[in-house]
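In what follows, a single structure is set out as C-alpha cells and then discussed.
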Amino acid sequence: MPTIDITKIMISDFKRIENLELEVSPITALVGGNTSGKSSVLQASQLSISLLQAAYRGKNRKGDPKFVGSVSDDEVTFRPTEKLLDLRRGRAATQGKGFEISLYGNVHNDQGAQAKSFTLNVKRGKNANINLTIDGDRDFAGILAEGENGSSVFTPGLSGISTREELRTKGALASSVMQGDANTYLRSLLYHLYQDEEGWTEELDDVWEQTDWNHSSISDLPEGKWKSFCLLLDEVYEGARITIDHDEDINRYIDIEIKYSDQEMPLDLASTGMLQVIQILAYACYFSPPLLLLDEPDAHLHADSQTKLFEALKGITESTHTRIVLASHSPQLIQQLHRLDGVDVCWMEDGTKVELDHANLPAIPILMRIGALGIGSEAFDPQKTVILLTEDTDIKLVKILAEANGAQDNLAVLSYSGCGNLMGARQLAVLLRDLRPDASIVIHRDRDFRTEEEMRFEELRFASWCAENGVDGVSEIFTTGNDVEHAFCKTDHLQICFHERTAAEVVSVCLNAIAQKRDDLVAALDTARNVLKESLYDTPRLRGNTAWAAAGLPNKCKLGSKFRPSNSTDPFPFAFCHGKILERSVRARIARDFGGGTDEIMQNLHKVSAGLADPRWAGKF
Numbered sequence: 011m012p013t014i015d016i017t018k019i020m021i022s023d024f025k026r027i028e029n030l031e032l033e034v035s036p037i038t039a040l041v042g043g044n045t046s047g048k049s050s051v052l053q054a055s056q057l058s059i060s061l062l063q064a065a066y067r068g069k070n071r072k073g074d075p076k077f078v079g080s081v082s083d084d085e086v087t088f089r090p091t092e093k094l095l096d097l098r099r100g101r102a103a104t105q106g107k108g109f110e111i112s113l114y115g116n117v118h119n120d121q122g123a124q125a126k127s128f129t130l131n132v133k134r135g136k137n138a139n140i141n142l143t144i145d146g147d148r149d150f151a152g153i154l155a156e157g158e159n160g161s162s163v164f165t166p167g168l169s170g171i172s173t174r175e176e177l178r179t180k181g182a183l184a185s186s187v188m189q190g191d192a193n194t195y196l197r198s199l200l201y202h203l204y205q206d207e208e209g210w211t212e213e214l215d216d217v218w219e220q221t222d223w224n225h226s227s228i229s230d231l232p233e234g235k236w237k238s239f240c241l242l243l244d245e246v247y248e249g250a251r252i253t254i255d256h257d258e259d260i261n262r263y264i265d266i267e268i269k270y271s272d273q274e275m276p277l278d279l280a281s282t283g284m285l286q287v288i289q290i291l292a293y294a295c296y297f298s299p300p301l302l303l304l305d306e307p308d309a310h311l312h313a314d315s316q317t318k319l320f321e322a323l324k325g326i327t328e329s330t331h332t333r334i335v336l337a338s339h340s341p342q343l344i345q346q347l348h349r350l351d352g353v354d355v356c357w358m359e360d361g362t363k364v365e366l367d368h369a370n371l372p373a374i375p376i377l378m379r380i381g382a383l384g385i386g387s388e389a390f391d392p393q394k395t396v397i398l399l400t401e402d403t404d405i406k407l408v409k410i411l412a413e414a415n416g417a418q419d420n421l422a423v424l425s426y427s428g429c430g431n432l433m434g435a436r437q438l439a440v441l442l443r444d445l446r447p448d449a450s451i452v453i454h455r456d457r458d459f460r461t462e463e464e465m466r467f468e469e470l471r472f473a474s475w476c477a478e479n480g481v482d483g484v485s486e487i488f489t490t491g492n493d494v495e496h497a498f499c500k501t502d503h504l505q506i507c508f509h510e511r512t513a514a515e516v517v518s519v520c521l522n523a524i525a526q527k528r529d530d531l532v533a534a535l536d537t538a539r540n541v542l543k544e545s546l547y548d549t550p551r552l553r554g555n556t557a558w559a560a561a562g563l564p565n566k567c568k569l570g571s572k573f574r575p576s577n578s579t580d581p582f583p584f585a586f587c588h589g590k591i592l593e594r595s596v597r598a599r600i601a602r603d604f605g606g607g608t609d610e611i612m613q614n615l616h617k618v619s620a621g622l623a624d625p626r627w628a629g630k631f
C-alpha cells in the first residue's frame, strides 16, 4: 500500500459548519468553546472515510476502484447520529441539498509524491438511502477506502479500561476504530501489535523467539511495528516495558502487565495518563493511519500527564506519516504545542476559524485558562475599537442597552460568563487591552440590589485595583437597575414601545406584572441581600479596606425586609425588582392586556429607545 498524508480537509453544510477549509499540519489542534465546531471537524473527517468504505466494491478489471452510488445508514460503520442525513447543517439532507466533505493529500509511491483530492457529496437518495457522489481523484478515494487497517482512527479521551478483556479479532479491532470506539479493546490492540509479522523472515522469527523481551533492550528487537511502539513509549516513559502473556488456545482473557519505575502491575492499574499515551501510540503504530483523530485526549489528565501526551504526539509525527487532528480544552497542552514546528492551532467559533496572527496566538492558552475562549472573533476585529465585556450569556439586550446609550458600530459585545468570576473578567480585560491597545475595554456588571454606598465601594475598589496593577483603558459600569432586563421594564421605555397605548395602560401593565410575581420578587430580593451580607459585610478583609469608610458603608447589612413594604398589600417597589423575573412577567401581561404574538411583543419590547437611557452608561461608548 502507498503511503498517504492528508494535507487539507474542507467541510460544507455539516452540523455547525457552513464552510470550513482546514489546512492539516503534522499536528492540528482545534480549540474553542462548547458547540464551537471542534467535534464536527473530527466527525466529518471520520465519516468521510466510513462512507467511502461503505460504498467501496473493490476494483474493476482495469484496476480502477468501484463505488456504489447509494448506501444505507446501517452500512456505514461510523455514525455520530442515528440518521446520517440529519447531519446536514440546519435541516436534514434532501435529494437536492446535502453536505460535502473534501480530502486533499499526497500519495507517496515509487514514482514520488502525487497530490490528490476528492469531494464526497452526501444527499438523500431513494427510499431514504444515502446518495453518494465522488468528484475528483477516485483512485485516491479508493486507496483510503480499501486500507485494511483503516485510513483514520477516531478515539475519545480515555478515562480507564476494564479489568478483563477477551481477545478480539483484527477485524473487530478495525471495526471498533471506525466506530469511534477505539478504547474498548486496548489489550487486543497490544496483542495484535505484538504478534504482527508483516515483512518478517524466518531469520527474524528466530530472533524474536530467542529474545527475552522481559530483560532485553529495545535495540535487540527485530524491526517492525512492535519495536516502533516500544521505542516511542520509551521516549515518553523511559524504561517502561509491556509484557504480554496469552495463548489463544488456552487463555480466555489477555494478560498484559507493564513495568515502570521499579513497579510491575496489570495494565488496568496503570495511570490514566500512561494508558492514554499507550493507546495513542499503539493505534498509530499498528494502523499507521493517514489521520489520527483525537477528541479531548487530555480530558482526564493532570498537567504532568499532559506533558507526556505532548511528547507522544510529537514522537508520532516525527517518526510516521500520520497526521494528528485533535480537539482540546487544555491550556497546558496547547501552550506546549503552539511552540512546536509543524503544529497549527485552530481557534473555532460557530463552525468557523477565528483568524489570528502569530503575535496573538500565544493568547489562546491564556484565554483557555480563564475560561474566555468563547469571546469570539470580534475581540480581534480592528474595526471594533470599544469592547464591552458583559456578565450576561445572551448579549442581545446588553447590546441594545449600549446602543441606546450612545454605542456606535465600533462596539463589540462579548460575554465573560465563562470566566467564572469578576477577577477572571478583569484578567480578560487586561489581556484584551494588551492585545488591542487601540481599543477601550468596558466591563459590565449588574447592580444586583446594591445600595448607593455599596456601589460606591465597588467603584473605589476597582479604581484601587487599576492603580495597583497599572491598568488603564479599562473601565467598569453598573446598570442603574438590578440587571439589564430591568431597564426594559421601565414605563418610559414601555410607553415608547407601545405608543398607541395610554400612559395609564402602560403603568397598569407594569404594576400588574409586579403584583403577579410578588412572591418571586421578594424571594429574589432576600436572596440577593443575604449574598451581599455574606460576601461583603461578613468578610473582615473587606471591612479593613480603606474604601469602606470612604464609601460610607454602615457596619451592619440591611437585609431584604428593609427595602420592601411591611404590608403585603402595598405595591412592591420597582427599584427592588429582579429584572429578569419582571421582564418575563411584563411580556406575559402585555400579551394578555394588549394582545399580539410572542415574536411581535419581543420585537417591540427589545428595541433601542430613549426610555433606556442610563446615567451610569452615558458617555462610556
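Residue numbers (the working numbering): 11 to 631. Ideal placement from N, C-alpha and C gives every residue a C-beta, glycine not left out.
Can you tell me which residues form a DSSP beta bridge with residue i?
{"i": "Leu-632", "result": "No answer is possible for residue 632: it lies beyond the span of the chain, which begins at 11 and ends at 631."}
{"i": "Cys-499", "result": "Looking at the DSSP assignment, Cys-499 forms no beta bridge with any residue, so it has no partner."}
{"i": "Trp-357", "result": "Val-41"}
{"i": "Met-20", "result": "Glu-31, Ser-112"}
{"i": "Pro-75", "result": "Lys-69"}
{"i": "Gln-124", "result": "Val-117"}
{"i": "Glu-486", "result": "Ile-453"}
{"i": "Leu-142", "result": "Val-132"}
{"i": "Lys-363", "result": "Met-358"}
{"i": "Met-284", "result": "DSSP lists no partner for Met-284."}
{"i": "Arg-251", "result": "Lys-269"}
{"i": "Phe-164", "result": "Leu-303"}
{"i": "Ile-397", "result": "Ala-422, Ile-451"}
{"i": "Ala-337", "result": "Leu-40, Asp-305"}
{"i": "Met-275", "result": "Ile-268"}
Can you give me the Cβ contacts of residue i inside the same chain, cut-off strictly under 7 Å, excluding the 5 residues immediately before and after it?
{"i": "Gln-56", "result": "Phe-88, Ser-162, Phe-164, Gly-190, Leu-303"}
{"i": "Val-423", "result": "Leu-398, Thr-400, Ile-405, Val-408, Lys-409, Ala-412"}
{"i": "Val-355", "result": "Ala-39, Val-41, Ile-344, Leu-347, His-348, Leu-371, Ile-374"}
{"i": "Gly-361", "result": "Arg-26, Ile-27, Glu-28, Leu-30, Gly-47, Ser-50"}
{"i": "Glu-274", "result": "Glu-267"}
Could you check how far apart the C-beta atoms of residue i and residue j are, in whole angstroms? I think they sit under 8 Å.
{"i": "Phe-584", "j": "Ile-524", "result": "7 Å"}
{"i": "Val-396", "j": "Val-452", "result": "7 Å"}
{"i": "Leu-323", "j": "Ile-37", "result": "6 Å"}
Using beta-carbon positions only, say whether residue i and residue j come within less than 8 Å of one another.
{"i": "Ile-140", "j": "Ser-227", "result": "no"}
{"i": "Ile-591", "j": "Lys-527", "result": "yes"}
{"i": "Ile-19", "j": "Leu-154", "result": "no"}
{"i": "Asp-15", "j": "Pro-300", "result": "yes"}
{"i": "Phe-239", "j": "Leu-203", "result": "yes"}
{"i": "Phe-488", "j": "Arg-457", "result": "yes"}
{"i": "Asp-278", "j": "Thr-173", "result": "yes"}
{"i": "Ser-281", "j": "Asp-308", "result": "no"}
{"i": "Tyr-201", "j": "Ile-260", "result": "no"}
{"i": "Val-517", "j": "Val-481", "result": "no"}
{"i": "Met-358", "j": "Gly-47", "result": "yes"}
{"i": "Leu-521", "j": "Pro-581", "result": "yes"}
{"i": "Gln-53", "j": "Pro-90", "result": "yes"}
Short of 6 Å in beta carbon distance, which residues of its chain neighbour residue i, apart from the five on each side in sequence? Order them along the chain.
{"i": "Gly-209", "result": "Confidence is the limiting factor: at Gly-209 the pLDDT is only 48, short of 50, which leaves the residue's position unreliable, though a coordinate-based value still follows. The answer is none, since no qualifying residue turns up."}
{"i": "Leu-563", "result": "Glu-463, Phe-467"}
{"i": "Gln-124", "result": "Val-117"}
{"i": "Gln-613", "result": "none"}
{"i": "Glu-31", "result": "Met-20"}
{"i": "Gln-342", "result": "Ala-313, Gln-316"}
{"i": "Leu-231", "result": "Lys-237"}
{"i": "Arg-251", "result": "Lys-269"}
{"i": "Leu-377", "result": "Leu-383"}
If I measure Cβ to Cβ from residue i and keep anything under 8 Å in the same chain, skipping five residues before and after, which residues do I get?
{"i": "Pro-625", "result": "Thr-490"}
{"i": "Thr-194", "result": "Ser-186"}
{"i": "Gly-325", "result": "Leu-242, Glu-245, Val-246, Leu-291"}
{"i": "Asp-448", "result": "Pro-392, Thr-395"}
Should the segment 460–470 be called in touch with the segment 406–422, which here means at least 3 C-beta pairs below 8 Å?
When C-beta atoms of the segment 460–470 are compared with those of the segment 406–422, fewer than three pairs fall below 8 Å, so the two segments do not count as touching.
Count the CB pairs spanning the segment 541–550 and the segment 559–573 that are closer than 8 Å, and state whether there are at least three.
Short answer: they touch.
Three-pair Cβ contact test at 8 Å for the segment 482–496 versus the segment 401–410:
By the Cβ rule, the segment 482–496 counts as touching the segment 401–410, because three or more pairs are nearer than 8 Å.
Meets three-Cβ-pair contact criterion under 8 Å: the segment 231–242 and the segment 312–319
Three or more Cβ pairs closer than 8 Å define a contact, and the segment 231–242 falls short of that threshold against the segment 312–319.
How do the segment 328–345 and the segment 289–298 stand: do at least 3 beta-carbon pairs fall below 8 Å, yes or no?
Touching, yes.
Between the segment 280–292 and the segment 169–177, do at least 3 Cβ pairs fall closer than 8 Å?
Contact holds: three or more Cβ-Cβ distances are below 8 Å.
Does the segment 70–78 come into contact with the segment 42–50, if we say contact requires no fewer than three beta-carbon pairs (one atom in each stretch) closer than 8 Å?
Too few Cβ pairs lie closer than 8 Å, so no.
Are there three or more Cβ pairs, one per stretch, closer than 8 Å when the segment 95–114 is compared with the segment 128–138?
In short, these stretches touch, since the Cβ pair count reaches three.
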